[in-house]
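J.: Following the working numbering, the numbering of the sequence shown begins with 2 at its first residue and continues without gaps. Ideal placement from N, C-alpha and C gives every residue a C-beta, glycine not left out. Source: prediction; values computed, not measured.
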Amino acid sequence: MPFNLNKLIRPHLIHLQPYSSARDEFKGIADVYLDANENPYGSVGASAKYNRYPDPLQPKLKEKIAELKACDSSQIFLGNGSDEPIDLLLRVFCEPEKDNIILLPPTYGMYQVSADINHVKVVNVPLSSDFQIQKQKVLDAIVPETKVIFFCSPNNPSGNSLKREDIIEITNFFDGLVVVDEAYIDFSSQKTFVADLKNYPNLVVLQTFSKAWGLAGIRLGMAFASPEIISILNKVKYPYNINTLTQQVALKALQKNEIKNKMVSKIIKQRNVLTEHLLNNQLVEKIYPTDANFILVKTPKGKEIYDSLVEKGIIVRDRSKVQLCEGCLRITVGTEMENLALLRAWSELKI
Ligand SMILES: Cc1ncc(COP(=O)(O)O)c(C=O)c1O
2 MPFNLNKLIR
12 PHLIHLQPYS
22 SARDEFKGIA
32 DVYLDANENP
42 YGSVGASAKY
52 NRYPDPLQPK
62 LKEKIAELKA
72 CDSSQIFLGN
82 GSDEPIDLLL
92 RVFCEPEKDN
102 IILLPPTYGM
112 YQVSADINHV
122 KVVNVPLSSD
132 FQIQKQKVLD
142 AIVPETKVIF
152 FCSPNNPSGN
162 SLKREDIIEI
172 TNFFDGLVVV
182 DEAYIDFSSQ
192 KTFVADLKNY
202 PNLVVLQTFS
212 KAWGLAGIRL
222 GMAFASPEII
232 SILNKVKYPY
242 NINTLTQQVA
252 LKALQKNEIK
262 NKMVSKIIKQ
272 RNVLTEHLLN
282 NQLVEKIYPT
292 DANFILVKTP
302 KGKEIYDSLV
312 EKGIIVRDRS
322 KVQLCEGCLR
332 ITVGTEMENL
342 ALLRAWSELK
352 I
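1. Does the distance from the CB of D167 to the CB of K261 come in under 9 Å?
2. Across which residues does DSSP place M223 in a beta bridge pair?
3. With a cut-off of 5 Å, give the chain-ordered residues whose Cβ is closer than this to any heavy atom of ligand 1.
4. Do the segment 134-151 and the segment 95-110 touch if we need at least three Cβ pairs shorter than 8 Å?
5. Counting along the chain, where does the alpha helix (DSSP H) carrying I15 start and finish?
6. From the DSSP output, in three-state form, read off I186 for me.
7. Hey, how far is the Cα of R272 from the Cα of N294?
8. According to DSSP, L330 sits in a beta bridge with which residue or residues?
9. What number of angstroms, rounded off, separates the C-alpha of K192 from the C-alpha of K270?
10. Between Y199 and D100, what straight-line distance do the alpha-carbon atoms span, to the nearest angstrom?
11. Write down every uninterrupted run of the beta strand (DSSP E) in the segment 106-146 whose length is 3 residues or greater and which is fully enclosed by it, in chain order.
12. Could you tell me the alpha carbon to alpha carbon distance between L234 and G303, rounded to whole angstroms?
13. Taking C-alpha atoms, which residue in K263, L246 and I30 lies nearest to G218?
14. Secondary structure at I268, three-state DSSP: helix, strand or coil?
15. Excluding five sequence neighbours on each side, which residues of the same chain lie with their C-beta closer than 8 Å to the C-beta of L280?
16. Note down the Cα distance separating K50 from A346, rounded to an integer number of angstroms.
17. Taking the CB atoms as reference points, tell me whether I171 and K212 lie closer together than 9 Å.
18. Once DSSP output is grouped into helix, strand and coil, what is the label at L178?
19. Report yes if the CB atom of S227 is closer than 9 Å to the CB atom of L6, and no otherwise.
20. Tell me, which residues are paired with N101 by DSSP?
21. For K287, name the three-state secondary structure that DSSP assigns.
22. Across the segment 83-93 and the segment 102-118, are there enough close Cβ pairs to call them in contact, namely three or more that are closer than 8 Å?
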């Protein structure tokens with residue numbers, strides 16, 4: 002089916018007049034700025050000056066990201082974490098109480114929460130027992146009210162990558178938006194979907210600075226899509242959604258891509274160490290294949306093991322009540338010392 006973005010956008014947003022900031026109205030360089038009601042004297046309690054509003058569209062940062070990701074700046078939206086584009090996609094494309102989105106549980110919880118907040122219905126098409134897409138079931142679930150399908154690859158909490166061919170086949174068939182959340186892509190040997198954007202006008206790829214870059218605290222998420230999709234997200238977002246500090250820290254980080262790559266290698270190595278050791282323990286039934294910075298461990302007694310680890314000061318994520326994850330704990334790969342502490346505590350479990 003041909004993709005028609007204007008038919009997909011909620012009609013009242015097509016001609017939305019977005020907020021026009023002082024920096025939108027005057028973009029040049031001047032000696033005196035008296036147009037944004039800022040404090041001219043500087044910033045209280047800060048060693049640097051933060052008294053000016055940040056650039057609303059972050060062109061410098063996008064230019065650097067575009068270089069790294071081999072795409073165009075016009076294909077990038079930056080948000081307050083990936084959570085912002087997730088929410089914006091629902092606000093822009095889904096009519097509350099009428100439209101729906103398709104989710105493939107078990108998956109990242111914010112898709113459901115954002116849908117609930119926006120009063121958008123969720124149609125669940127669970128993953129198979131090996132956490133793969135049940136392609137025909139997804140295709141069968143699509144109705145005219147379906148506006149967005151979220152794929153999380155590598156998937157949280159299972160850790161595996163979803164089959165690329167299945168995502169592509171669904172993207173070809175579906176005339177709504179296909180979102181591929183690649184928050185963990187740096188830990189995976191799979192190709193990113195960013196390179197496929199030119200072939201699929203209905204594709205949106207999410208990535209984040211929260212995982213491989215070690216910058217969860219600055220809250221910076223990326224959405225990659227066609228310039229037309231990016232443009233509507235920019236119209237609806239808060240004018241200054243990415244603050245000055247975040248932009249500065251991210252620009253510095255982008256000059257040090259090799260440090261990110263080294264950290265990723267260390268984490269992958271530790272992921273293997275952790276997996277090998279845990280597999281020798283009798284309280285581990287299975288460790289699922291992972292392309293992420295965490296492992297999903299199936300145990301006979303998830304909750305009991307979780308509680309005992311908490312008592313020993315080690316916090317993992319109890320996923321034992323989650324569909325298809327019965328008895329499972331999700332363990333983030335830590336430093337060598339942290340992993341040793343976990344392994345020691347695990348070997349001392351009396352359950
Ligand atoms: C699949 C997935 N997407 C997005 C996020 C959140 O990313 P951000 O910190 O950029 O909001 C997470 C966080 O755990 C995640 O697991």
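T.: From the atom records:
1. Position 166 of the sequence shown, counting from 1, holds the residue named residue 167. Position 260 of the sequence shown, counting from 1, holds the residue named residue 261. For D167 and K261, no; Cβs fall outside 9 Å.
2. What you label residue 223 is simply residue 222 of the sequence shown in a count that begins at 1. BP columns for M223 point to L79 and Q208.
3. Counting only heavy atoms of ligand 1, the residues whose C-beta sits closer than 5 Å to one of them are, along the chain, G82, S83, D84, Y109, C153, N157, D182, A184, T209, S211 and G222.
4. Enough Cβ pairs lie closer than 8 Å, so yes.
5. Your numbering for residue 15 matches position 14 in the sequence shown. Counted as a single uninterrupted DSSP element, the alpha helix (DSSP H) harbouring I15 occupies residues P12 to I15.
6. Counting from 1 along the sequence shown, the entry for residue 186 is found at position 185. For I186, the secondary structure class from DSSP, reduced to helix, strand or coil, is helix.
7. Here residue 272 is taken as the residue at index 271 of the sequence shown, counted from 1. Here residue 294 is taken as the residue at index 293 of the sequence shown, counted from 1. Rounded to the nearest whole angstrom, the CA to CA distance from R272 to N294 is 7 Å.
8. To locate residue 330, count along the sequence shown from 1; it is residue 329. DSSP output for L330 lists V298 and D319 as bridge partner(s).
9. Taking the first residue of the sequence shown as 1, we reach residue 192 at position 191. Taking the first residue of the sequence shown as 1, we reach residue 270 at position 269. Cα to Cα, K192 sits roughly 20 Å from K270.
10. One-based indexing of the sequence shown puts residue 199 at position 198. One-based indexing of the sequence shown puts residue 100 at position 99. In the sequence as presented, Tyr is not what sits at residue 199; that position holds Lys. Distance between the alpha carbons of K199 and D100 is about 27 Å.
11. Restricted to the segment 106-146, the beta strand (DSSP E) segments that are unbroken, complete and at least 3 residues in length are 122-125, listed in chain order.
12. Taking the sequence shown and counting its residues from 1, one reaches residue 234 at position 233. Taking the sequence shown and counting its residues from 1, one reaches residue 303 at position 302. The straight-line gap from Cα to Cα measures roughly 41 Å.
13. Looking up residue 218 in the sequence shown gives position 217. Shortest Cα-Cα distance from G218 to any of K263, L246 and I30 involves L246.
14. Mapped onto the sequence shown, residue 268 falls at position 267. The answer is helix: DSSP assigns I268 an H, G or I state.
15. As a position in the sequence shown, residue 280 is number 279, starting the count at 1. Excluding sequence neighbours, L280 sits near I288.
16. On the sequence shown, residue 50 is found 49 positions in, with the first residue counted as 1. On the sequence shown, residue 346 is found 345 positions in, with the first residue counted as 1. Whole-angstrom Cα-Cα distance: 47 Å.
17. Within the sequence shown, the letter at position 170 stands for residue 171. Within the sequence shown, the letter at position 211 stands for residue 212. No, the pair does not count as a contact, with Cβ atoms beyond the cut-off.
18. Residue 178 sits at position 177 when you count from the first residue of the sequence shown. Strand.
19. For this step, residue 227 is matched to residue 226 along the sequence shown. For this step, residue 6 is matched to residue 5 along the sequence shown. Contact: yes.
20. Indexing the sequence shown from 1 puts residue 101 at position 100. DSSP, once it has assigned bridges, lists K122 and T147 as partnering N101.
21. Taking the sequence shown and counting its residues from 1, the one referred to as residue 287 is at position 286. If DSSP states are grouped into helix, strand and coil, K287 belongs with the strands.
22. The segment 83-93, when compared against the segment 102-118, does touch it at the 8 Å Cβ threshold.
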